[in-house]
């Protein structure tokens, strides 16, 4: 790799690193797919995802990546293509965003129920109308009940690392994984990203070897008719696989740390939560800015903490109950909305705490829809509201113009 | 933390210039973020791109509202865009312009620098006379006028980043470094 400036050495693990590039989140995702040695890629361009598959198509053209790049006429076809490729035993990758993800919806269910360990990157972009290309998580959260494991990332490095870990998890529990990054705040922001050495990635992520695959020499039937006497068991097994994923994820994260030297927490990450009376819960890039706000409040002697949710499905109920066991007030910040209910992470957390031992005051804040900036000032407004709340409030709108 | 805003027109390469500058800062041992004004670019329309630089990893994920430094790729933008909006008092402004800093009395309260990046780019065969590619030359002038980034890191990064004419781009940046005029060299 290039010589790393001495001031930067404490922040990077040079032993496990091939090179450090200042790249956008989209390209961090492309490099992750390359390092995972994916064998089939099919995608349809859509802003702000396009540069992920643009770079992958270049890698396929130059031979840097030995994969089939299958061009298609829609996102629905892109994922349908991968159903075939994954059924034949290929490690598969696709990427999309917003309307493209919605067009895939039928196949999104199919992939999970067919138990195909496809990894997809979704760039979280607001849904139309009105047209918007900016950050909003409602697109992926609307795929909540499809049977896909879901992650949300805070930095380009975390996106790259999570994609590599996602293949391990997917292929172990035979469920697909969606890795989500916020539009522009990650997708189009260039920052330093350490690319791990290929041989170390290979050690962490061996080739995909499915137990069953399409094979003309050993014919089998896939996706046949299931009468009421067996259908329910298929669904039971998917739920079992989800629960297994929840147990396995911390083990995979530890293994990743062992082989590649980086750690981003398990299903959640607690930041300065020791003795915290008030805790903010976030997912995605709002997390980074919230870290700074937590630091500022701590400097002024206010015991504020942060819990970042990385894994949304399966939902880490126990981990969240433990992380919030001492908190008196909890505020969830959602850059997404379920109409008629409120913030989606809020709703999930509230439900997770109901059967637990400790129920803190809980507020749901909706902010930053359609890419509206969530600045330290906006976050301070949320903290002040939370600290002065007498009772929990399901839906507090932040920054809506009169 | 240092925050820089670059103004240009769609097609002038402001976003690429910011990525090159961020990579050069990283080479010198700083953390850096580079990003465009989040939106849809059209050729010729006013665009902005941003850079954040710090000694430690950057967690802030917001747009930049109060930069310390401005870089203007096209002087005609001064007539159409609120260029100095949000610029910190005592901030620096670098303009691609054949005029000298004294010719911009309305900007006299800032540390002002100018460089004729169009002419330099044309001399080095970058783009055409009517549409010169100035995004590498301007970075050389930025190195001189602010002292924030060294020419060694900048030259190496430019050479590895541009798809065509690496030597010409580096030479243009180096010439802009020497040709830059400024009223005050003290960085913020």
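Chains as they are written, first to last, in this note's numbering: chain A, -13 to 388; chain B, 379 to 566.
In this text, a Cβ means the ideal position worked out from N, Cα and C, and glycines have one as well.
- Taking 8 Å as the CB threshold, residue 104(A) stays off the interface with chain B.
- In the structure shown, residue 190(A) falls within a helical segment according to DSSP collapsed to helix, strand and coil.
- The Cβ atoms of residue 128(A) and residue 107(A) lie no closer than 8 Å to each other.
- For residue 278(A), at least one C-beta of chain B is nearer than 8 Å to its own C-beta.
- Within the region 444 to 505 of chain B, the complete alpha helix (DSSP H) segments at least 4 residues long are 455 to 458 and 495 to 501, listed from N- to C-terminus.
- With a cut-off of 8 Å on Cβ pairs, the region 536 to 543 of chain B is not in contact with the region 418 to 428 of chain B, counting fewer than three such pairs.
- For the region 3 to 25 of chain A, the beta-carbon criterion of a distance under 9 Å to any beta-carbon of chain B is satisfied by 6, 7, 8, 9 and 10.
- About 11 Å separates the beta carbons of residue 319(A) and residue 265(A), which is beyond the 8 Å limit, so they are not a contact pair.
- Near chain B, meaning a CB-to-CB distance below 8 Å, the residues of the region 335 to 366 of chain A are 357, 359, 360, 361 and 362.
- For residue 12(A), the enclosing alpha helix (DSSP H) begins and ends at 11 to 21.
- Below 8 Å, too few C-beta pairs join the region 175 to 191 of chain A and the region 249 to 256 of chain A to call them touching: fewer than three.
- DSSP links residue 174(A) through a beta bridge to no other residue.
- Here DSSP, grouped into helix, strand and coil, assigns residue 282(A) to helix.
- Beta-bridge partners assigned by DSSP to residue 54(A): 26(A).
- For residue 379(B), no pairing in a beta bridge is given by DSSP.
- The closest CA to that of residue 356(A), considering only 123(A), 37(A), 14(A) and -4(A), is found on 123(A).
- Counting along the chain, residue 164(A) sits inside the beta strand (DSSP E) bounded by residues 163 to 168.
- Using a Cβ distance threshold of 8 Å, residue 130(A) and residue 120(A) do not count as a contacting pair.
- Within chain A, the residues whose beta carbon sits less than 8 Å from that of residue 433(B) are -7, listed in sequence order.
- Between residue 339(A) and residue 275(A) the beta-carbon gap is near 25 Å, outside 8 Å, which marks them as no contact.
- Going by beta carbons, residue 400(B) and residue 429(B) fall inside the 8 Å limit.
- Using a Cβ distance threshold of 8 Å, residue 448(B) and residue 465(B) count as a contacting pair.
- Less than 8 Å separates the beta-carbon of residue 306(A) from that of residue 335(A).
- Closest in C-alpha terms to residue 323(A), from the list 301(A), 311(A), 354(A) and 302(A), comes 354(A).
- Scanning chain B for C-beta atoms nearer than 7 Å to the C-beta of residue 40(A) yields nothing, as the closest lies near 14 Å away.
- Under the DSSP assignment, residue 368(A) falls in the alpha helix (DSSP H) whose first and last residues are 362 to 373.
- Contact with chain A is found for residue 411(B), since one of that chain's Cβ atoms lies less than 8 Å from the residue's Cβ.
- Residues of chain A with a Cβ closer than 7 Å to the Cβ of residue 414(B) are, in chain order, 174.
- Residues of the region 435 to 465 of chain B with a C-beta atom less than 9 Å from some C-beta of chain A are 435, 436, 437, 438, 439, 440, 441 and 443, listed in chain order.
- Under a criterion of Cβ atoms nearer than 7 Å, the residues of chain B adjacent to residue 171(A) are, in order, 439.
- The region 14 to 32 of chain A makes contact with the region 42 to 52 of chain A, as at least three CB pairs between them are under 8 Å.
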